[in-house]
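Numbering (this note's numbering), first residue to last: 21 to 447. Beta carbons are placed, not taken as given, at the ideal position from N, Cα and C, and that holds for glycine. Only a predicted model underlies this, so the values are computations on that prediction, with no experimental measurement involved. Let me begin by presenting the structure, written as structure tokens, before commenting on it.
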Amino acid sequence: MTNYGFDTLQIHAGARPDPATGARQTPIYQTTGYVFRDADHAAALFNLQEVGFIYSRLTNPTIAVLQERIATLEGGVGAVCCSSGHAAQIMALFPLMAPGRNVVASTRLYGGTLTQFSQTIKRFGWSATFVDFDDTDAVKAAINDDTRAVFCESVSNPGGYVTDIPSIAAITDAAGIPLIVDNTSATPYLCNPIAQGATLVVHSTTKYLTGNGTVTGGCVVDSGKFDWSASDKFPSLSEAEPAYHGLKFHETFGELAFTFHGIAIGLRDLGMTMNPQGAHYTLMGIETLSLRMQRHVENAVAVAQWLEKDARVESVTYAGLASSPYAERAARLYPKGAGALFTFAIKGGYDACIKLVDALELFSHVANLGDTRSLIIHSASTTHRQLNEEQQIAAGAAPNMVRLSIGIETVADLIADLDQALAQAAG
Ligand SMILES: *Cc1c(COP(=O)(O)O)cnc(C)c1O
21 MTNYGFDTLQ IHAGARPDPA TGARQTPIYQ TTGYVFRDAD HAAALFNLQE VGFIYSRLTN
81 PTIAVLQERI ATLEGGVGAV CCSSGHAAQI MALFPLMAPG RNVVASTRLY GGTLTQFSQT
141 IKRFGWSATF VDFDDTDAVK AAINDDTRAV FCESVSNPGG YVTDIPSIAA ITDAAGIPLI
201 VDNTSATPYL CNPIAQGATL VVHSTTKYLT GNGTVTGGCV VDSGKFDWSA SDKFPSLSEA
261 EPAYHGLKFH ETFGELAFTF HGIAIGLRDL GMTMNPQGAH YTLMGIETLS LRMQRHVENA
321 VAVAQWLEKD ARVESVTYAG LASSPYAERA ARLYPKGAGA LFTFAIKGGY DACIKLVDAL
381 ELFSHVANLG DTRSLIIHSA STTHRQLNEE QQIAAGAAPN MVRLSIGIET VADLIADLDQ
441 ALAQAAG
């Protein structure tokens with residue numbers, strides 16, 4: 021399959037006509053259980069001596085197709101889907117972390133991830149150290165003996181920033197630590213973090229992969245390239261697992277160790293499972309991913325260029341603009357486009373932003389992104405509300421800024437809507 025082009029793989033990878041019925045489209049296997057051939061078969065499945073379907077908290081045929089599809093598009097060896105993007109982040113960290121261990125993370129992250137990492141993971145005894153990922157010396161300095169992962173987004177949310185993944189990967193390789201990249205906003209069409217050196221890729225499939233705002237979902241993709249046994253830092257993967265009679269995941273499953281651990285321990289015991297109906301919607305979405313991303317990027321460039329020239333607008337932060345400080349990096353590492361998510365600041369500050377959001381007719385004021393529809397959010401009063409002003413500015417969500425997620429509508433209609441709303445906000 022891997023010789024096929026992206027457009028072919030997004031439709032065919034992982035799927036084959038249903039062996040029982042010949043159904044061409046992947047059926048929704050709406051079942052929780054699977055009949056064992058006999059007692060020996062059941063025992064082999066439970067001992068992980070044979071791969072197969074046991075119970076849908078762990079595995080399901082519809083979800084298995086989606087896992088293989090995303091792993092293929094990302095160039096990974098395996099993937100585990102789960103109930104949301106945030107679940108995927110916990111699923112990615114879970115086999116690596118332990119009480120007292122830390123993750124070094126970029127300051128430029130989705131607001132919910134900043135909260136998950138700065139507050140909630142403390143309850144597991146984990147911690148996060150946030151640094152500016154443009155300052156590679158600071159990233160190096162932040163990694164210590166207790167660091168078990170480095171985390172960033174490729175194209176970052178709320179927008180305007182693209183990470184130099186190869187530079188960060190050089191640091192994590194030297195330190196013997198896995199690099200986790202959240203590729204939600206770029207999608208595998210615009211960026212392949214694994215080809216640029218990432219160990220694991222996480223997704224909120226809620227966004228562009230599903231593409232039309234119907235279901236939440238997440239995915240963790242493993243590159244299969246990390247040597248979990250090279251140090252004693254990753255005992256969950258390299259040492260005997262008491263829950264499976266002393267089985268060692270890395271020794272037994274090789275490059276698929278992380279994926280098997282994600283299913284056999286992660287989904288089994290954390291239970292953040294995707295449902296087959298959700299997987300179906302995401303499979304439908306992925307079939308048109310490249311076409312949608314091309315239009316998303318084309319529209320985003322046109323809207324950003326129009327806004328940049330408008331006197332009512334103070335600044336536009338989009339890495340796809342020639343004026344962006346990240347234009348050179350974006351052209352080099354994200355040649356098909358810097359996503360369709362960006363922020364702009366307007367004159368009149370916080371109050372004008374609130375008026376703008378209320379005056380828009382075509383753009384919806386929604387806490388989502390990566391929809392076919394164009395969306396807007398005033399991050400400072402919503403998604404980034406839990407942060408103080410300094411953290412909001414560092415995250416690209418200053419009080420005078422709004423974030424746009426540009427959809428695939430007729431671009432002139434989007435510009436006309438922004439034009440009339442800016443007039444009302446200024447008035
Ligand atoms: C939305 C989002 C998440 C969280 O995903 P959910 O599916 O909402 O849990 C994580 N990272 C990024 C970049 C996102 O856009």
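Distance cut-off 8 Å: residue i Cβ against heavy atoms of ligand 1
i, result
"S147", "no"
"G53", "no"
"L287", "no"
"Q69", "no"
"E94", "no"
"K227", "yes"
"S394", "no"
"S258", "no"
"A107", "yes"
"Y181", "no"
"F309", "First, the residue type needs correcting, since residue 309 is Leu and not Phe in the sequence shown. Not under cutoff, so the answer is no."
"N177", "yes"
"G233", "no"
"Y301", "no"
"Y130", "yes"
"T363", "no"
"D202", "yes"
"T236", "yes"
"S243", "no"
"S335", "no"
"G390", "yes"
Burial state of residue i, where buried means 16 or more other Cβ atoms lie within 10 Å
i, result
"Y24", "exposed"
"F137", "buried"
"G53", "exposed"
"N168", "A small correction: the amino acid at residue 168 is Arg; Asn does not occupy that position in the sequence shown. When all chains shown are included, R168 counts as buried."
"D391", "buried"
"H265", "exposed"
"F66", "exposed"
"L311", "exposed"
"P115", "buried"
"E94", "buried"
"P198", "buried"
"G237", "buried"
"T133", "buried"
"S251", "exposed"
"G96", "buried"
"V55", "exposed"
"T140", "exposed"
"T230", "buried"
Backbone CA spacing between residue i and residue j [nearest angstrom]
i, j, result
"H300", "S243", "24 Å"
"P81", "Y49", "6 Å"
"E410", "I397", "19 Å"
"T51", "H61", "19 Å"
"S344", "A277", "41 Å"
"I285", "A112", "12 Å"
"S335", "E328", "7 Å"
"Y130", "I110", "15 Å"
"A99", "V241", "4 Å"
"C211", "V317", "13 Å"
"T156", "Q69", "44 Å"
"A16", "L353", "Absent from the structure is residue 16, since the part of the chain shown begins at 21 and ends at 447."
"R288", "T308", "32 Å"
"T79", "I283", "7 Å"
"A320", "V175", "14 Å"
"D247", "T219", "10 Å"
"P208", "N232", "17 Å"
"Q314", "N203", "16 Å"
"Y370", "A400", "8 Å"
"T183", "A418", "20 Å"
6 Å Cβ shell around residue i - same chain, five flanking residues per side excluded
i, result
"M292", "C102, S103, A107"
"S76", "T52"
"S126", "F153, C172"
"K356", "L210"
"E261", "L267"
Cut-off 8 Å between Cβ atoms - residues of its own chain near residue i, not counting five sequence neighbours on either side
i, result
"V85", "G34, A35, T46, A299, L303"
"D433", "L382"
"A190", "G217"
"A43", "P37"
"A387", "I397, T402, T403"
"R89", "L29, Q30, A33, G34, A35, L303, I306"
"Q297", "I48, Q50, V235"
Neighbourhood of residue i by C-beta, 7 Å cutoff - its chain only, sequence neighbours within 5 removed
i, result
"G416", "R128, P178, G179, G180, Y181, T337, T363"
"H385", "V377, I396, I397"
"A441", "L376, A379, L380"
Is it the case that the region 349 to 363 contacts the region 418 to 429, given that we only count it when at least three CB pairs across the two stretches are under 8 Å? Per the Cβ contact rule, the region 418 to 429 is in contact with the region 349 to 363 (3 or more Cβ pairs under 8 Å).
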